[in-house]
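Below is one structure, written out as structure tokens; comments come after it.
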Amino acid sequence: MTLQTTPLNAAHRAMGAKMVDFGGWDMPLHYGSQLEEHNQVRTDAGMFDVSHMRVVDFRGEGVRDFLRYLLANNVDKLQSTGKALYSCMLNPEGGVIDDLIVYFINDTMFRMVVNAGTAEKDIAWMKEQAATHAPKLEIKPRLELAMIAVQGPKATERLWNAMPGLRNLAENLKPFSAVELGTMFVARTGYTGEDGFEIMLPTQAAPFFWESLSKAGVKPIGLGARDTLRLEAGMNLYGHDMDETINPLEAGLAWTVDLKSERDFIGKAALLANPPARKLAGLVLQDRGVMRDHQVIKSSHGDGEITSGSFSPTLNQSIALARIPVAVQVGDTVQVVVRDKLLNAKVVKYPFVRNGKSLV
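Residue numbers (the working numbering): 640 to 999.
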């Protein structure tokens with residue numbers, strides 16, 4: 640199978656990246672040291688190629704009404720241009736088809752960013768729903784756009800050094816807001832628990848932008864550090880912490896579901912009919928070892944499972960997100976089956992790290 644490539648593939652190789660197959664995409668795992676890249680983002684600034692993510696634009700009359708029905712979170716919260724909202728898109732059973740970010744552009748246009756591995760499935764589902772509920776709506780994947788994230792406590796300073804022209808227009812951007820600057824769409828969003836931006840721009844401009852960031856001292860960061868950063872920040876990963884068999888209430892995403900308003904949305908009836916028996920919680924390992932995905936958790940209230948587990952470079956110990964019985968409480972000790980041994984882990988409230996500081 641031929642792997643898909645982003646416009647920055649040659650740049651990754653020139654920088655010495657170790658490339659891997661990531662869901663059918665040829666992507667950088669690291670550029671030498673995953674640990675150094677993780678710490679670079681926590682202390683300075685790093686750049687990520689996220690051009691495998693899919694940008695989708697929705698245009699037409701009734702677009703807001705359609706998205707009110709399509710998404711579990713309520714797009715009525717989006718009233719000012721560029722405002723962003725994190726949401727899940729559910730199936731009728733309440734399972735998560737994908738988690739995504741949606742941006743309000745104007746009354747007849749919204750922009751969405753969906754996950755790479757689910758993009759084709761997502762778009763097919765959106766078009767299927769639109770055929771019934773908004774047949775005149777245009778749903779357009781923006782294949783000509785690349786996306787680069789700049790993250791870290793010095794991300795702002797280094798971005799202005801790389802692109803001075805962005806400063807006046809993007810300097811006052813609040814978190815979860817975006818602004819369109821010519822052919823660039825600059826959003827103050829990210830997946831690391833640090834300040835930063837995600838910038839959409841034409842694919843042909845991506846290598847120049849990447850090189851400009853590099854010259855301004857922004858180091859390239861691979862998928863390995865991206866995963867440990869998002870885990871420390873307590874951010875879900877699709878296919879690990881939730882999927883089509885898991886509803887958002889069991890995935891720690893109740894805050895992204897609007898069950899209070901009277902509007903109907905796909906999956907709402909299933910969520911109301913099935914109160915969750917499990918919940919997502921944080922774990923910090925008390926014994927020596929490393930927690931990994933799919934390891935079994937033993938508790939006095941029943942078994943659970945680790946959904947995302949790794950070693951935390953910031954905390955210097957193993958952490959995990961885990962789906963456990965709702966009766967298990969923060970502060971309780973559970974056992975994790977690691978290589979046929981029962982190791983103790985403390986149940987904690989996540990995120991584990993935010994803005995470089997330990998929260999546990």
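Note that CB positions come from ideal geometry on N, CA and C, so glycine has one too.
- Membership of Leu-717 in any alpha helix (DSSP H) is not indicated, and neither H nor E is assigned to it by DSSP.
- In this structure, the straight-line span from the alpha carbon of Asn-983 to that of Lys-937 is close to 10 Å.
- In this chain, Ile-905 is not harboured by any alpha helix (DSSP H), its DSSP state being neither H nor E.
- Note that the C-beta distance between Arg-931 and Gly-948 is below 9 Å.
- Annotated three-state conformation of Asn-648 is helix, per DSSP.
- Sorting Arg-703, Glu-944, Met-654 and Lys-899 by C-alpha distance to the C-alpha of Pro-667 places Met-654 at the top.
- In this structure, DSSP gives Phe-687 an extended state, which the three-state scheme calls strand.
- Going by DSSP, Gln-768 is part of the alpha helix (DSSP H) stretching over 758-772.
- Look at Leu-709 here: in three-state DSSP terms it is helix.
- In the structure shown, Glu-871 adopts helical secondary structure according to DSSP, grouped into three states.
- Rounded to whole angstroms, the gap between the alpha carbons of Val-735 and Val-753 is 13 Å.
- Note that the segment 848-865 touches the segment 668-685; at least 3 beta-carbon pairs, one per stretch, sit closer than 8 Å.
- Assignment of Pro-792 by DSSP, reduced to helix, strand and coil, places it in the coil class.
- Check the Cα spacing between Ser-951 and each of Thr-641, Gly-662, Arg-797 and His-677: the tightest is with His-677.
- With a 10 Å radius around the Cβ and a threshold of 16 neighbouring Cβ atoms, Phe-847 comes out exposed.
- Leu-898 and Phe-904 have their alpha carbons spaced roughly 9 Å apart.
- Val-714 and Leu-729 do not touch by the CB rule: their CB atoms are close to 14 Å apart, not below 8 Å.
- DSSP places Gln-843 in the helix class (H, G or I) of the three-state scheme.
- Secondary-structure assignment with DSSP links Gln-925 through no beta bridge to anything.
- Within the same chain, and ignoring the five residues on either side of Arg-927 in sequence, no residue has its Cβ closer than 6 Å to its Cβ.
- For Val-702, the three-state secondary structure derived from DSSP is helix.
- Following the DSSP letters along the chain, one finds Pro-803 in no beta strand (DSSP E) but inside the alpha helix (DSSP H) bounded by residues 803-809.
- Looking at the backbone, the Cα of Arg-703 and that of Thr-747 are separated by about 8 Å.
- By the CB criterion at 9 Å, Ala-809 and Arg-797 fall outside the cutoff.
- Distance check between Ile-838 and each of Gly-663, Ile-787, Lys-980 and Met-765 places Ile-787 closest, using alpha-carbon atoms only.
- The Cβ-Cβ distance between Gly-721 and Phe-705 does not fall below 9 Å.
- DSSP places His-677 in the uninterrupted alpha helix (DSSP H) bounded by 673-682.
- In the DSSP assignment, Pro-667 falls within the unbroken beta strand (DSSP E) covering 664-669.
- Ala-755 sits buried, since 16 or more C-beta atoms from the chains shown fall within 10 Å of its C-beta.
- Distances from the CA of Leu-888 to each of Ala-909, His-772 and Val-969 were compared; the closest alpha carbon is that of Ala-909.
- In the structure shown, Ser-939 falls within a coil segment according to DSSP collapsed to helix, strand and coil.
- The beta carbons of Pro-841 and Ala-785 sit closer together than 9 Å.
- One thing to note: Ala-844 has its Cβ no nearer than 9 Å to the Cβ of Ala-801.
- For Met-748, the enclosing beta strand (DSSP E) covers residues 748-753.
- Judged by DSSP in its simplified three-state form, Thr-895 adopts helix.
- Taking the CA atoms as reference points, Pro-814 sits about 44 Å from Asp-979.
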